[in-house]
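Colleague: My questions all concern the structure below.
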Amino acid sequence: MQRILRKRIFRDLKENIFRYLALGFLIILGMYIVISLVGAADSIIEGTKDAAEANHVEDGQFQVFVPLSEEEKLSIAKAGVVLEEHFSMDYELPDDSMLRIFSKREKIDFVQADSGNIPEKNGEILLERRYCEEHDISTGDEVMIGDIHFKVSGIGTAPDYESVLRNFSDSTVDSVRFGIGFVTEEDYRLLKERGESISSEEYSYAYLLKGKITQDELQEILQDMEMSSEDIDDEFFQEYWERTGGWMVPLPKVMQCITAGENPRIASAAADKSVDHASGLAAGVIILILFAYIISVFTVHGIEREARMIGTLYAMGVKKNELLRHYLALPVMVTFIAATVGTALGYSSFGVGRQMIQPYGYFSIPSVGVRCEPYLLIYGLVMPPFAAVFTNYLVIRKKLDRPALALIRGEHKKEKAKNRRIRGSFVHVFRIRHILREKRTAFTVFCGMLISLLVVMLSLNCYALCVHIQEENAEDTRFEYMYTYKYPQEKVPEGSEEAYGVTMKKETLGYSFDVTLLGIHEDNPYFDANVNEGKDRVLISSALAQKYNLDTGDTLILWDEENGRYFAFEIDGAVKYSAGFFAFMDIDSMRELMGKNEDYYNIVFSDFELDIDSGRLYSTLSKDEVKKSSSVFVSQMTPMIVTLLAASVLIFAVVMYLMMKVMIDRSAMSISMLKVFGYRKKEIGKLYLNGNLFVVALSAALGIPLSKAVMDRLYPYLVSNIACGLNLTFSWQMYTGIFAGILALYFVINRLLMFRVSKILPAEVLKNRE
Amino acid sequence: MYLKVKNLKKSYGEEGSYIEVLKGIDLSVEKGDMCVIQGSSGSGKSTLLHCIGGLDEIDSGSVLVGGTELGGLSAGKLSDYRRESLGFIFQFYNLVPNLTVKENIQVCEYLADSPLNLEELLETLGLTEHQNKFPSQLSGGQQQRCAIARALVKNPKLLLCDEPTGALDSETSRDILVLLEEVNRKFGTTMLIVTHNNSIKYMVDQVVYLKDGRIKRDYRNEEKVPAARLEDL
Chain A
1 MQRILRKRIF RDLKENIFRY LALGFLIILG MYIVISLVGA ADSIIEGTKD
51 AAEANHVEDG QFQVFVPLSE EEKLSIAKAG VVLEEHFSMD YELPDDSMLR
101 IFSKREKIDF VQADSGNIPE KNGEILLERR YCEEHDISTG DEVMIGDIHF
151 KVSGIGTAPD YESVLRNFSD STVDSVRFGI GFVTEEDYRL LKERGESISS
201 EEYSYAYLLK GKITQDELQE ILQDMEMSSE DIDDEFFQEY WERTGGWMVP
251 LPKVMQCITA GENPRIASAA ADKSVDHASG LAAGVIILIL FAYIISVFTV
301 HGIEREARMI GTLYAMGVKK NELLRHYLAL PVMVTFIAAT VGTALGYSSF
351 GVGRQMIQPY GYFSIPSVGV RCEPYLLIYG LVMPPFAAVF TNYLVIRKKL
401 DRPALALIRG EHKKEKAKNR RIRGSFVHVF RIRHILREKR TAFTVFCGML
451 ISLLVVMLSL NCYALCVHIQ EENAEDTRFE YMYTYKYPQE KVPEGSEEAY
501 GVTMKKETLG YSFDVTLLGI HEDNPYFDAN VNEGKDRVLI SSALAQKYNL
551 DTGDTLILWD EENGRYFAFE IDGAVKYSAG FFAFMDIDSM RELMGKNEDY
601 YNIVFSDFEL DIDSGRLYST LSKDEVKKSS SVFVSQMTPM IVTLLAASVL
651 IFAVVMYLMM KVMIDRSAMS ISMLKVFGYR KKEIGKLYLN GNLFVVALSA
701 ALGIPLSKAV MDRLYPYLVS NIACGLNLTF SWQMYTGIFA GILALYFVIN
751 RLLMFRVSKI LPAEVLKNRE
Chain B
771 MYLKVKNLKK SYGEEGSYIE VLKGIDLSVE KGDMCVIQGS SGSGKSTLLH
821 CIGGLDEIDS GSVLVGGTEL GGLSAGKLSD YRRESLGFIF QFYNLVPNLT
871 VKENIQVCEY LADSPLNLEE LLETLGLTEH QNKFPSQLSG GQQQRCAIAR
921 ALVKNPKLLL CDEPTGALDS ETSRDILVLL EEVNRKFGTT MLIVTHNNSI
971 KYMVDQVVYL KDGRIKRDYR NEEKVPAARL EDL
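If you're matching them up, the sequences are chains A and B in order. Each residue of the first sequence is one higher than the last, beginning at 1 in our numbering. Each residue of the second sequence is one higher than the last, beginning at 771 in our numbering.
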């Protein structure tokens, strides 16, 4: 019997080819998005992780004022830690860019040559890939470092410089102005002897814990290492040391220790791609629910239409499981074929390949191949047919559970009849009766619209986030320059505003982010923060409030990692500032809280560039860099947004088409009957189609805010690893645009479908009506 | 005796809407006989047919078909019973719209262990030339022929016909009845025909009148008239 019914499957496919093409297109598109976004993210995340492991990426690194003594190195080695000097010197090149030169590595953070070789002999240099791309440098070219000519023997990457940031505090990579290079040990020594570097040598050590010691235990060993201030030949340090009476306390040798997890240069491409990964998977789940829903709507619609025939077959002795298998066959076949095509497209150069281009243009990562992770393949190939089988099994089973007689008679589950009196003109009453009679269909349309709107909202939220970051970061940054001191000057530079900042940590959704506790004066011109006196009172930036879902009256708890203690503050309010996570407090109260002098400061803000020696500074942040950092964030997100947005609009249009087809199909017989009675096209439109418009408009009016609310709740989890505020608000124009778009789509689809209905001959309707 | 119904009762609804449709039916039909069940609308004739066909549960009493007691059978067993023993013909043909005539018949052919010869059946029912047409390409009479062929192909022992000519014109009705008569003669199929049509009683072996859920008359027709000679159809 199945063999005979199978013939029907292909005829059904042929008869409803547009419906199945639309459904297939929806699945192909959905799988394409999921596979391309998640597949590219997986390829980058896993590929860079494997490459980093193969290249012995460090567990962490620390900077010291002066190199470690042999005894100190020995004490660390005895603890089981593998240590390697990663000393470096910065050189300015004729084109004003800067190259940081390292000696090639032997134990940790191996350099991987993408082309050419790692320097084997003197006079050779390997340069970082992104720098070479920006400066059009190829292997075999020559570069001059200091006063020595080097031949570029290779171009490659290092796992500790995936984000080629000059300083840890830099917010964006600028490969035009900064890069790194590796030379032989002998050449490094030669460069050092020549003394042409623009700053003194940086003493950094990378380490591998090898599982024999914990990070905390190593910290303790490092903290015990002390030195005399005389060993340091930094004039700014000496000046600061003398002025602040630093000689009264022992001087630690280690300036800074940072683990690989905290290092913004390491695994940054993977961190960036994890947003795509999360968004892709979220979109995938929604799309899966969406088409499972649509298929079940079609199947139910089909079974209801064929109820009499099914009942007759039942009466003849055909069993439920036989019919169940029959009704499952087509959806499973369509979903499987579409899912296979979608998965193949997703893994093609149009999918994963396209999504992988962007990170190569920003991060310094080695070439990684496209990964076919088993879970994603299963997701792409198995989940769609499985979802079709599962949902259809449930709905078909329920439908086929009805007795044969009920099916033959075409009985529906009857609701308790309510005798609603509707007043008004005939047309008005007819429309309302039609909507009430078809309320199940209306609910179906609403659900389909709601689910597909979720995909639209996902992409629009990504878009809104980027737009807000780009606009507000520039708007909220009122200073032109922000200088963070290593060794503050005695007096605050003229024309600048002093502040006192301490970086602390706060965790949310499994990720820990830096939050700056910033002591400022009440009348400071750079933040709208009228801070109140008090050691436990803060105002928070809007970005912090959004990210951590904090409000006035809440308690803000911050972790001071350096001193190993928690601070708790009462939040007095939120200040509009989107460019960072800040808690503002009165500077005098903060000085008192932290035990600092009454004139202590370590940050200054100004409207113009200040003449401060770079040796005194940790970092300089300009408004231009804030803007650039925002635009980099946006440009990194753009491919995903474009893909999601385009796909979501297409998906929405297809879903609307399919849903409206169900609506109009259900009305088609009645519409044709009205034609038999002599109604004109316009009159039929008034009776039926305006009612459908009402259903679509009402569904949109409810679905838009509801889907937005759902996605706003979900979205923080998708960008949980991104340190930015979450302003996801839409303008009223955007809401109006979505609503108008839905109505416009309705009219287009309606026209297409009605064209088909109008072609049905009244005689044919009568013949088929039985 | 192939069919034996004893004190069959069937009701629908609860309390306010309670209605007792069959109020104790006793009926016997010989193997190979054609039996017509007549009665006005709401007399319970279709309900009786559905109870005999295992499509509706019985409240009390007994329905014995070919030695099988239907009362208390599970849904699965009832399905097996219909599969093995029954053929159904309805007023509306309920054909699978996107299967051809031949394929519609084949759907049921596959249910039987020893089906009738399909080609022969098509020939008997005058469907050979239409076998590759879809239902929408057929007239009402041709569609009903197809429905009859579908019911017969399993070679059922009992054929239940619910208003088989209800949707047909007089000439086509006659054709269909002639066909049923021929099938009965050729295959020895026991037939139960529910109809409003008063003329059909002249062609069958047994006539049963139902009124208000009870059998008013049940008699054997000793002077059968061939279907081809029936008038006022």
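Every residue, glycine too, gets a C-beta built ideally from N, C-alpha and C. Given the structure is predicted, the values throughout are model-derived calculations rather than measurements.
How is H149/A classed by DSSP in three states: helix, strand or coil?
Modeller: Strand, per DSSP.
Colleague: Helix, strand or coil, according to DSSP, for C724/A in the structure here?
Modeller: Coil, per DSSP.
Colleague: When you compare only the Cα positions, how much space is there between E438/A and F527/A?
Modeller: Taking the straight line joining both Cα atoms gives about 57 angstroms.
Colleague: Against D12/A, what residues of chain B qualify as contacts under a CB-to-CB distance less than 7 angstroms, listed in chain order?
Modeller: N868
Colleague: Just list the residues that DSSP pairs Q63/A with in beta bridges.
Modeller: DSSP lists S204/A, Q256/A as partners of Q63/A.
Colleague: For A417/A, would you say it is in contact with chain B, using Cβ-to-Cβ distances shorter than 8 angstroms as the test?
Modeller: Note that A417/A scores 47 on pLDDT, short of 50, meaning its location in the model is unreliable; the coordinates nonetheless yield the value given after this. Not an interface residue.
Colleague: Tell me whether V445/A is buried or exposed, calling it buried when 16 or more other Cβ atoms sit within 10 Å of its Cβ.
Modeller: buried
Colleague: Along the chain, where does the beta strand (DSSP E) containing L777/B start, and where does it finish?
Modeller: Before going further, note that residue 777/B is Asn rather than Leu in the sequence given. Annotation: the continuous beta strand (DSSP E) that includes N777/B extends over 773-782.
Colleague: Determine the DSSP secondary structure at M144/A, reduced to helix, strand or coil.
Modeller: strand
Colleague: Can you grab the Cα-Cα spacing for the pair M309/A / Q907/B, in whole Å?
Modeller: 17 angstroms
Colleague: Relative to the C-alpha of G983/B, which candidate in K815/B, P867/B, I828/B has its C-alpha closest?
Modeller: K815/B
Colleague: Quick one, which of S798/B, E890/B, H900/B has its alpha-carbon nearest Q912/B's?
Modeller: H900/B
Colleague: Thinking S163/A and F363/A are a contact (beta carbons under 8 angstroms), I'd like their distance in whole angstroms, please.
Modeller: 6 angstroms
Colleague: Answer with buried or exposed for G60/A, where buried requires no fewer than 16 other C-beta atoms within 10 angstroms of its C-beta.
Modeller: buried
Colleague: If you measure beta-carbon to beta-carbon, which residues of the segment 35-53 of chain A are closer than 9 angstroms to chain B?
Modeller: Flagged: no residues at all.
Colleague: So, V515/A versus A583/A, is the Cβ gap smaller than 8 angstroms?
Modeller: Cβ atoms of V515/A and A583/A: closer than 8 angstroms.
Colleague: Starting from the C-beta of V275/A, find all residues in its chain whose C-beta is less than 8 angstroms away, skip the five residues before and the five after it, and write them out in chain order.
Modeller: M637, M640, L718, V719, N721, I722
Colleague: Using the DSSP secondary-structure output, state which residues sit across from T508/A in a beta bridge.
Modeller: Answer is Y511/A.
Colleague: Could you say which of T838/B, C916/B, E890/B lies nearest to M771/B if we only look at CA atoms?
Modeller: T838/B
Colleague: Take I664/A as the anchor and find which of I435/A, N532/A, R478/A has the nearest alpha-carbon.
Modeller: The shortest Cα separation from I664/A among I435/A, N532/A, R478/A belongs to I435/A.
Colleague: Below 8 angstroms between beta carbons: does that hold for L290/A and S36/A?
Modeller: Cβ distance not < 8 angstroms, so L290/A and S36/A don't count as in contact.
Colleague: Would Q876/B count as contacting chain A if we go by Cβ distances under 8 angstroms?
Modeller: yes
Colleague: Please check if any C-beta of chain A sits within less than 8 angstroms of the C-beta of N887/B.
Modeller: no
Colleague: Quick one, which of T817/B, K847/B, Q861/B has its alpha-carbon nearest C931/B's?
Modeller: Q861/B
Colleague: Looking at Y715/A and L706/A, is the spacing between their C-beta atoms short of 8 angstroms?
Modeller: no
Colleague: Label E873/B either buried or exposed according to how many other C-beta atoms from any shown protein chain fall within 10 Å of its C-beta, with 16 as the threshold for buried.
Modeller: buried
Colleague: Taking C-beta pairs closer than 9 angstroms, name the residues in chain A that R853/B reaches, listed in chain order.
Modeller: M316, G317, V318, K319
Colleague: Does any residue of chain B bring its CB to less than 8 angstroms from the CB of K398/A?
Modeller: False, the Cβ-Cβ gap to chain B never drops below 8 angstroms.
Colleague: In this structure, how does DSSP classify C372/A when only helix, strand and coil are distinguished?
Modeller: coil
Colleague: Where L947/B and L938/B are concerned, what is the direct C-alpha to C-alpha distance, given to the nearest angstrom?
Modeller: 11 angstroms
Colleague: At what residues does the alpha helix (DSSP H) containing Q876/B begin and finish?
Modeller: 871-879
Colleague: Thinking C-beta only, is K971/B closer than 8 angstroms to V977/B?
Modeller: Yes.
Colleague: Distance, Cα to Cα, S43/A vs V368/A?
Modeller: 7 angstroms
Colleague: Which whole-angstrom value describes the C-beta separation of Y347/A and C372/A, a residue pair presumed to lie in contact below a C-beta threshold of 8 angstroms?
Modeller: The pair is a contact, with the Cβ atoms about 7 angstroms apart (cut-off 8 angstroms).
Colleague: Which first and last residues belong to the alpha helix (DSSP H) in which G424/A is found?
Modeller: Unbroken run through G424/A: none, as it is neither H nor E.
Colleague: Look at the alpha carbon of M590/A and the alpha carbon of T555/A, and state the distance between them as a whole number of angstroms.
Modeller: 17 angstroms
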